[in-house]
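> Chains A and B supply the protein sequences, listed in that same order. Each residue of the first sequence is one higher than the one before, counting from 2 in the numbering used here. Each residue of the second sequence is one higher than the one before, counting from 7 in the numbering used here. Mind having a look at this structure? Questions to follow.
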Amino acid sequence: MARPAKAHADGGLVFCDGDWSALHVATAERQLKSIRLAPGEIKIDVSGVERIDSSGAWLLSRTARQWRSKARTVDFVGTSEHIRQLFRLIAEQGIEGEPPRPATHGFLENLGRDSLNAATEQLAFLSFIGNITFSSLRILLTPARLRWSQVVTDAEESGFDALPIVGLLAFLIGVVIAYQGGVVLIQYGAGIFIADLVGLAMLRELAPLITAIIVAGRTGSAYTAQIGTMMVTEEVDALRTMGITPIDLLVLPKLFALVVMLPLLTVFADLMGLLGGMAMASSMLDMSFQNFVDRLGQSVRLQDFLVGVGKAPVFAAIIASVGCYQGFRVTGSAESVGKQTTLSVVQSIFLVIVVDAVFSIVFSALDI
Amino acid sequence: MAENAEIVVELRDVVTRFDEKLVHDGISLQVRRGEVLAVVGGSGSGKSTLLREMVMLLQPTAGSVTVLGRDVTAASEIELLPLRRRLGVMFQDGALFGGQTVLENTGVPLREHTELSGDLIDEIAQLKLLLTGLEPSVGALWPNQLSGGMRKRAALARALALDPELLFLDEPSSGLDPISADGLDDLILQLKELLGLTIVMVTHDMDSLWRVADRVVLLGDKRILGAGTMTELSRSVTPGIGKFFSGPRARVAAREHNQGASL
Ligand SMILES: Nc1ncnc2c1ncn2[C@@H]1O[C@H](COP(=O)(O)OP(=O)(O)OP(=O)(O)O)[C@@H](O)[C@H]1O
Ligand SMILES: [Mg+2]
C-alpha cells in the first residue's frame, strides 16, 4: 500500500507525494489549503506521486487554478504521462464556476411558498373528497362495476387480520377502566356502578376511538405506502393510460371495505372491552358475571351502543380517504413515500379525534 | 489481452436456483485485469443475475466467486466492505436515490468513504457528470426529472465516483439514442485506457460489442454457449452461437465494423 497523499511547500516549490487516489487525498486537501504562498512563481512538483486517480488529479488542477486566479504563474514539474493524460481529460470537460445546486429561496419567499402550498393542499384534499364521493355515488348506481374481489381482499386485510390486536387492546382498556374506576367506587361502597362505568365508556367512546386509531396506524399507513410506491414506479400512470381510473381501482374498494369492517371491528372491541371489565370486576370486587351483565342491562341503553358503532363508518371514511389521498401525493422518491405515510397516520388520527369531539358536542346538544 | 494478466474476477462452477427455477447450471469464467468483458444472451438468460453474483448482492446456490483475489462466497458482509469500495456498479435502471439531487447522488460514495471537504466532493462529482456527457446544469436536477438516457449517465457517473478498479455495467447503452450510445462506447474505451479500469458489462448492443468488448461470453440454456473475441464468435459454426451473431442486426454491425477496420 502506498502512503497517503501529502503536500508541503518550500518557498515557491510545492512537493506532492504518496497515493493521490480518492480514498487517500483528504490530508493533502487540507495541507494544500493551508499553504501560505511565497511571492513569485510557483512550481508544483508531482514526481513523488506514486498513484493518482481522477479525484487526485482534479484536486491538483483546481488548486493550480485557484492559485492562478491570484495572479500567480503556476507550473507542474515532474508530471508523468499518466498525470498529463488525466489533466487533459479534466481540461476537456471545460469545468467552470461552481457545481450547480437547486435554487434556494429567502425566508419571505419560503413563507409565501409554504402558505400557498398549505392552501392548495386543503383545496386538493377537498377536491379529492369530492372526486371519491362522485365516484362512489356512480358506482353505487352500477354496483357490478365495483371490484368486489378486491373489496373482499381488502376487507380481510383491514378487518379480519386486525381482530387479534384490536381485541387484545380493547380487553386491556376494559381492565384498566374497571380497575381505576373500581378503586374509587369501592371507597363509596358503590362497586356495583362499575358496570355502568365500563359499559358507557367503552361503548360510547373508547371502543370506536381505539379501534379507529389502531386501524389508522395499521391500514391507513398501508394504503398510503401501497399507492405511494405505485406512484413512484409509474404504475398509477400505467393504469391511467389504460383508461382505468385509479380511484375506481385503488380507492373505492379500500373505502368500501373499511366502511364495512370498521363498525364490525368496533362491535368486537365493545365485546372484548366489556369482557375485560367483567374479568377485573370479578377478581377485584367479587362481582359475578351474572351481576355485571344484569347491571349492564339496566344502565346501558341500545342507543349508547348505536352511538358508538354509528361513528365508526365516518371514521373509516376519514382513514381511507386520508390514506389514499396521501398516497397520491407521493412524488418520485422513496423518501417521499415515508414522509406521506407519516403524514397520513398523523392526519387521520387527528381528524378522527376532532370529529369524535364534534360528535360529542352534537350528541349532547341533541340529548342522545 | 495478455493471457497471463492478473485475474480479477473468477467464477467456478456457479449454480443458481430460484426455488424451482434453475438459472445457471455450472458457469465458469474469468475476467482479466484491464479487459472489457461483455456478457450477452437472450432475455431472461441470467445475465443480470450473474452480475449480481459478481458484485456480491446474491449468493450462488453452489460454486465459488472470487473477486480481486478474495473468495466472496465464504466471506461475511463486514469482510466484504473494503472490497465493495473497489468496485463500481451501474444498475439496469439507474437506481439513483430519489431524495437527492443528481450531483449529491454522484457524490455519495465520496461522502461516505473519504474525508474530503464538501466543496471538493461536489467538484469531483461534477467532473464525473461532465465526463459521462451530461450538461453542467443537470447536477441540480432530481432523479425523477431526468430522461431515461440521462439517468443512465448519472448512474454511470456515480459508479465512477471512486475511480473503481472494477466496473460493472448492466445494459449501459440500452435506452440511449445511437449518437449517445456511440459516445458512451467512446467513454468506456477512454476510461479503460486512462484509469486502467476492468469492465464487465451486460449488453445487447451489437455495435458496442464490436467496438469495446475485448472478449464476449454468450449465456444460454443455463450455461456458457461460447466465449472469445467477437471475431471468433461471429465465425463460430456452433448452432446456438451462430444464430445469436448472425441475425440481420448482428450482420449490419459486423459489416460496419469490418469496413471501419479496412478503411
Ligand atoms: N429474485 C428472483 N426470483 C425468482 N426468479 C428470478 C429472480 N431474479 C431473476 N429470476 C429469474 O432468473 C432468470 C434470469 O433473470 P435475469 O434478470 O438475470 O435475466 P437477464 O438475462 O438479465 O434478462 P434481461 O436481458 O431481460 O435483463 C429469469 O428467468 C428470471 O425470471
Ligand atoms: Mg437484465
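Built from N, CA and C at the ideal position, the CB exists for glycine as well.
#1: Which chain A residues are close to Leu109 (chain B), counting only those with a beta carbon under 8 Å from its beta carbon?
#2: Please report the straight-line C-alpha distance between Asp211 (chain B) and Val95 (chain B), rounded to a whole angstrom.
#3: Taking the DSSP output, what are the residues bridged to Arg85 (chain A)?
#4: Less than 7 Å between the CB of Ser214 (chain B) and some heavy atom of ligand 1, yes or no?
#5: Step through the CB atoms of chain B and report whether any lies within less than 8 Å of the CB of Ser55 (chain A).
#6: Go through the residues and name those whose CB comes closer than 5 Å to any heavy atom of ligand 1, in chain order.
#7: Any C-beta of chain B within less than 9 Å: which residues of the region 14-41 of chain A qualify?
#8: Determine the direct distance from the alpha carbon of Ser55 (chain A) to that of Ala259 (chain B), and round the result to whole angstroms.
#9: Just the C-alpha distance for Met7 (chain B) and Arg90 (chain B), rounded to the nearest angstrom, thanks.
#10: Sorted by chain position, which residues of the same chain lie with C-beta nearer than 8 Å to Gly248 (chain B)'s C-beta, five sequence neighbours on each side aside?
#11: Check whether the region 187-207 of chain A touches the region 326-345 of chain A, counting contact only when three or more Cβ pairs, one atom from each stretch, lie closer than 8 Å.
#12: In chain B, which residues lie less than 9 Å from Gln86 (chain A) when you measure between Cβ atoms?
#13: Consult DSSP for Ala259 (chain B) and reduce its assignment to one of helix, strand or coil.
#14: Three Cβ pairs or more, each shorter than 8 Å: is that satisfied between the region 84-104 of chain A and the region 141-151 of chain B?
#15: Between the beta-carbon of Lys228 (chain B) and the beta-carbon of Val45 (chain B), is there less than 8 Å?
#16: Are the C-beta atoms of Ser81 (chain A) and some chain B residue less than 8 Å apart?
#17: According to the Cβ coordinates, are Ser214 (chain B) and Ser179 (chain B) closer than 8 Å?
#18: Starting from Val167 (chain A), trace the alpha helix (DSSP H) in both directions and tell me its first and last residue.
#19: Applying the criterion that 16 or more other CB atoms from any shown protein chain within 10 Å of the CB defines a buried residue, is Met232 (chain A) buried or exposed?
#20: What residue range is occupied by the uninterrupted alpha helix (DSSP H) comprising Thr112 (chain B)?
#21: Below 8 Å between beta carbons: does that hold for Ile187 (chain A) and Leu303 (chain A)?
#22: So, is the C-beta of Ala131 (chain B) closer than 8 Å to a C-beta in chain A?
#23: Would you kindly check if the distance between the Cβ of Leu266 (chain A) and the Cβ of Gly200 (chain A) is under 8 Å?
#24: Val208 (chain B): beta carbon under 7 Å from a heavy atom of ligand 2?
#25: Please confirm whether any heavy atom of ligand 2 lies closer than 7 Å to the CB of Asp19 (chain B).
#26: Can you pull the DSSP bridge partners for Met231 (chain A)?
#27: For the alpha helix (DSSP H) that contains Ile33 (chain B), what are its first and last residues?
#28: Whole angstroms is fine: what's the gap from Ala11 (chain B)'s alpha carbon to Arg39 (chain B)'s?
#29: When you compare the CB of Thr332 (chain A) with every CB in chain B, is at least one pair closer than 8 Å?
#30: Applying the criterion that 16 or more other CB atoms from any shown protein chain within 10 Å of the CB defines a buried residue, is Asp20 (chain A) buried or exposed?
#31: What are the boundary residues of the alpha helix (DSSP H) that includes Ile320 (chain A)?
#32: Using Cβ-Cβ distances below 9 Å, what residues of the region 141-159 of chain B are close to chain A?
#33: Suppose the cutoff is 6 Å on Cβ atoms and the five residues either side in sequence are ignored; what does the same chain contact list for Gly5 (chain B) look like?
#34: Are the CB atoms of Met288 (chain A) and Phe172 (chain A) within a distance shorter than 8 Å?
#35: Looking at ligand 2, does it come within less than 7 Å of Gln348 (chain A), judged from the CB to the closest heavy atom?
#36: Between the Cα of Val356 (chain A) and the Cα atoms of A:Ala317, A:Val331, A:Ser337 and A:Asp271, which residue gives the shortest distance?
Let me lay it out:
#1: Pro100, Pro101 and Arg102
#2: The alpha-carbon separation between Asp211 (chain B) and Val95 (chain B) amounts to approximately 19 Å.
#3: Answer is none; Arg85 (chain A) lacks a bridge partner.
#4: Because no heavy atom of ligand 1 lies under 7 Å away, the Cβ of Ser214 (chain B) does not count as near it: no.
#5: Interface criterion met: the Cβ of Ser55 (chain A) is under 8 Å from a Cβ in chain B.
#6: Put simply, the residues with a CB less than 5 Å from any heavy atom of ligand 1 are B:Phe24, B:Val29, B:Ser49, B:Gly50, B:Ser51, B:Gly52, B:Lys53, B:Ser54 and B:Thr55, in chain order.
#7: Ser22, Ala23, Leu24, His25, Val26, Ala27, Thr28, Glu30, Arg31 and Lys34
#8: It is roughly 33 Å from the alpha-carbon of Ala259 (chain B) to the alpha-carbon of Ser55 (chain A).
#9: Summary for Met7 (chain B): the model assigns pLDDT 44, below 50, so the residue's position carries little reliability; its value from the coordinates is reported in the next sentence. Going from the Cα of Met7 (chain B) to the Cα of Arg90 (chain B) covers about 25 Å.
#10: Ser242
#11: no
#12: The answer, in chain order, is Glu199 and Leu200.
#13: helix
#14: yes
#15: no
#16: Interface with chain B (8 Å Cβ-Cβ cutoff): Ser81 (chain A) is excluded.
#17: yes
#18: Residue range Leu164 to Gln188 is occupied by the alpha helix (DSSP H) that includes Val167 (chain A).
#19: Looking at its Cβ environment, which holds 16 or more other Cβ atoms inside 10 Å, Met232 (chain A) is buried.
#20: Val108 to His119
#21: No, Cβ-Cβ distance for Ile187 (chain A) and Leu303 (chain A) is not below 8 Å.
#22: yes
#23: no
#24: yes
#25: no
#26: DSSP lists no partner for Met231 (chain A).
#27: That residue, Ile33 (chain B), is in no alpha helix (DSSP H); its beta strand (DSSP E) goes Lys27 to Arg38.
#28: Each residue's alpha carbon lies about 6 Å from the other.
#29: yes
#30: Looking at its Cβ environment, which holds 16 or more other Cβ atoms inside 10 Å, Asp20 (chain A) is buried.
#31: Unbroken alpha helix (DSSP H) run through Ile320 (chain A): Leu303 to Phe329.
#32: Pro142, Ser143, Val144, Gly145, Ala146, Leu147, Trp148, Pro149, Asn150 and Gln151
#33: Outside the modelled stretch of chain B, which goes from 7 to 269, sits residue 5 (chain B), for which no answer is possible.
#34: no
#35: no
#36: A:Ala317
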